[in-house]
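For the sequence shown, the working numbering begins at 28 and goes up steadily by one.
We treat Cβ as the ideally placed atom computed from N, Cα and C, and that holds for glycine.
Here's the structure, in structure tokens; my notes come after.
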Amino acid sequence: MAIPVSYNLRSLLQRPTAALTTAVGIGLTVMIFIGALALAAGFQAAMRKSGDPDTAIVLRKGADSEITSAISREAASIIMADQSVALGPDGRPLASADMVVLVNKPRLGQPGSSNVTVRGLDPSGLALRKEIRIVEGRTATPGTDEVIVGQRIARRFADCGIGDRIRFGQRAFTVVGHFVAGGSAFESEIWGDNSTLMPALGRDDVFQSVSFRLARPERFDEAKRQFERDPRLQVQVERESDWYTSQSELLANLIRILGTFITVIMAVGAVFGAMNTMYAAVGTRAREVATLLVLGFSPLAVMTSFTLESVFLAIAGGALGCLMALPINGIVTSTTNFSSFSEVAFAFRITPNAMLAGLVFAALIGLVGGFLPALKAARQPIAATLRGL
């Protein structure tokens with residue numbers, strides 16, 4: 028016969044200070060755990076949003092990032108003239124051969140500098156990326172020394188405000204607009220026209236990637252085989268969405284591992300906190316435990332009851348941790364993408380799965396912390412306990 032759950036809930040309410048202290052400790056641990064998951068989820072979301080499943084990206088065969096890729100001007104022309112490339116309203120291919128270069132720029136309002144991605148586009152580059160929207164200023168005029176800056180890094184790096192002059196190589200470019208890209212990693216880049224950026228950065232004859240809208244997205248595999256088998260090109264082709272997802276995996280996994288490691292260290296303290304609380308509960312309720320055993324409740328039922336009490340306490344702490352973590356949702360931060368070695372700005376993203384994982388983690392803390400005290404309660408001798416009282 029099981030002991031009613033209401034007995035455990037009343038017992039927790041009779042020790043509000045000890046219960047609250049333990050719950051707060053567990054809550055802080057869960058908050059850190061959810062924060063790590065939100066950091067990884069935010070970074071992955073920013074990278075995934077950079078890709079469109081109807082768009083393909085072409086890189087040099089064997090390249091693991093755009094900055095390690097090189098595609099000749101001749102190869103880019105062959106790709107963009109292919110029938111698998113969709114045409115825009117003006118009859119021109121919806122494709123862009125992109126120059127991608129890292130430049131080191133000083134941070135705004137803080138010491139130090141970091142790498143920023145500069146992307147040179149063909150005139151159809153903006154039309155190709157449907158999510159791009161100018162939110163301040165205007166778009167750069169093709170063929171001029173003008174650039175637009177992703178909104179998220181415009182606030183983090185010097186010389187990125189509207190009207191500022193930013194120098195690349197021996198030429199100064201005017202920032203004429205800020206853009207958003209649906210929260211994607213593109214918001215951490217500086218964009219301009221290939222015809223002016225490439226000479227300034229010494230990249231006259233080589234692009235890093237070619238992106239194009241698929242004329243028939245369902246025939247992607249056929250287009251991929253065609254390009255990859257062409258001996259003139261020596262390229263690899265991926266759906267843009269798959270490519271950017273793969274680019275996020277290394278750092279996201281590292282964030283999760285480090286976050287879990289830190290959380291486990293904190294969890295040790297939370298386990299001891301739960302254990303001390305439950306040992307104190309067992310000590311002060313020795314007569315109750317003996318009475319329950321006399322009434323016919325089995326030692327297993329007593330052990331299960333005290334273990335559940337610890338789990339309930341931990342879940343309450345986990346719920347508190349979820350509430351404490353909610354304010355970080357949407358906060359913008361940045362980190363270095365290990366695949367490109369450039370800075371990527373993104374927002375913390377607390378997901379339902381992260382909160383569920385936090386509650387499960389809290390329940391495990393309660394289970395581990397309550398096991399030994401529950402075992403002690405189940406094993407205490409009835410006669411000696413009653414005589415002592």
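- The Cβ atoms of residue 155 and residue 166 lie no closer than 9 Å to each other.
- Cα atoms of residue 171 and residue 193: separation of roughly 14 Å, rounded to the nearest angstrom.
- Residue 334 is classed as buried because its beta carbon has at least 16 other beta carbons within 10 Å across all chains shown.
- For residue 282, the secondary structure class from DSSP, reduced to helix, strand or coil, is helix.
- Taking a cut-off of 8 Å for Cβ pairs, the segment 48 to 62 and the segment 86 to 93 do not touch, as fewer than three such pairs fall below it.
- Looking at the backbone, the Cα of residue 370 and that of residue 106 are separated by about 30 Å.
- Using a Cβ distance threshold of 9 Å, residue 127 and residue 147 count as a contacting pair.
- Going by C-alpha positions, residue 248 is about 40 Å away from residue 182.
- Our two residues, residue 396 and residue 298, have alpha carbons roughly 5 Å apart in a direct line.
- Taking a 10 Å sphere around the C-beta of residue 37, we find fewer than 16 other C-beta atoms and assign the residue as exposed.
- The three-state secondary structure of residue 226, taken from DSSP, is helix.
- Beta-bridge analysis with DSSP links residue 264 to 85.
- In the three-state reduction of the DSSP assignment, residue 179 falls in the helix class, which pools H, G and I.
- Annotation: residue 67 to residue 81 spans about 25 Å, alpha carbon to alpha carbon.
- In the DSSP annotation of this structure, the continuous segment of the beta strand (DSSP E) that includes residue 199 starts and ends at 198 to 207.
- The secondary-structure analysis by DSSP pairs residue 132 across a beta bridge with 141.
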